[in-house]
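Structure first, then comments.
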Amino acid sequence: MLNKKTIFTFSKRNPHKFLTGFTLIEVLMAISIMAILFAVFISSTNFFQPRAKLSSVARDLITDIRYAQQLAVNEQVEYGISFLVSENKYQLWRFSEIPQQIFEKILSQEVQINQVLGLTDNQVRFNAYGAVTEDGSVYLINSKSETKIIEIRPSGFVKLHE
Numbered sequence: 032m033l034n035k036k037t038i039f040t041f042s043k044r045n046p047h048k049f050l051t052g053f054t055l056i057e058v059l060m061a062i063s064i065m066a067i068l069f070a071v072f073i074s075s076t077n078f079f080q081p082r083a084k085l086s087s088v089a090r091d092l093i094t095d096i097r098y099a100q101q102l103a104v105n106e107q108v109e110y111g112i113s114f115l116v117s118e119n120k121y122q123l124w125r126f127s128e129i130p131q132q133i134f135e136k137i138l139s140q141e142v143q144i145n146q147v148l149g150l151t152d153n154q155v156r157f158n159a160y161g162a163v164t165e166d167g168s169v170y171l172i173n174s175k176s177e178t179k180i181i182e183i184r185p186s187g188f189v190k191l192h193e
């Protein structure tokens, strides 16, 4: 038995089948809610993107410093990273009789090499034992003035400071 408050709409072709669907207002409301959520998501990613980019560049730089250290130990030849602050890039070098550049990385515009402290000629050099000739720090800064400090200790240990 049907309840008096329930209204059913039947299909004209098949009287035993109920018609179901969304009204135009329901569809428009769903689209507008999705648009609002998308706008909030886009604005939040723009807020966190400089910090994520800074962390990514810092991790890449640490990886490359450790790679130079590993090459020095494996090949028993001095390797190092040269920081070109004014050009916002760094280079991996093999320091033998004839110095040889292995690769060069240019940092993105969002992240800058702010300063290099304690390293002569802005170079960190690893000897055949994996130790550095002198310790120092590299300061990275992003567009929101957030910084990360990469510390290179005399033993060759590389540490990231927030």
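The C-terminal residue of the sequence shown carries number 193 in my numbering, and the numbering is unbroken.
Glycine residues also receive a C-beta, built at the ideal position from the N, C-alpha and C atoms.
Keep in mind it's a predicted model, so treat the numbers as computed, not measured.
Can you check the region 59–139 for any beta strand (DSSP E) of at least 3 residues that lies completely inside it and give the ranges in chain order? Considered as a whole, the region 59–139 harbours 109–115, 120–126 and 131–137 as its complete beta strand (DSSP E) runs of no fewer than 3 residues, in chain order.
Would you call the region 184–191 in contact with the region 154–170, where contact means no fewer than 3 C-beta pairs closer than 8 Å? yes
Kindly indicate which residue of 106, 93, 104 and 174 has the alpha-carbon position closest to the one of residue 25. What the structure shows of the chain is the stretch from 32 to 193, and residue 25 is not part of that stretch, so it cannot be assessed.
If you drop the 5 nearest sequence neighbours on each side, which residues of the same chain put their C-beta closer than 6 Å to that of residue 180? 168, 170 and 192
Within a Cβ cutoff of 6 Å, which residues of the same chain sit near residue 134, ignoring the five residues on either side of it in sequence? 123
Nearest candidate by alpha-carbon position, reference residue 129, set 75, 118, 109 and 178: 109
In the DSSP output, what is residue 160 paired with across the bridge? Answer by DSSP bridge pairing: none, since residue 160 is not bridged.
What's the call for residue 99, buried or exposed, on a 16-neighbour Cβ count within 10 Å? buried
Indicate whether residue 103 and residue 157 have their beta-carbon atoms separated by less than 7 Å. yes
Determine whether the beta carbon atoms of residue 172 and residue 145 lie at a separation below 7 Å. Yes; because the gap between Cβ atoms is below 7 Å, this pair is in contact.
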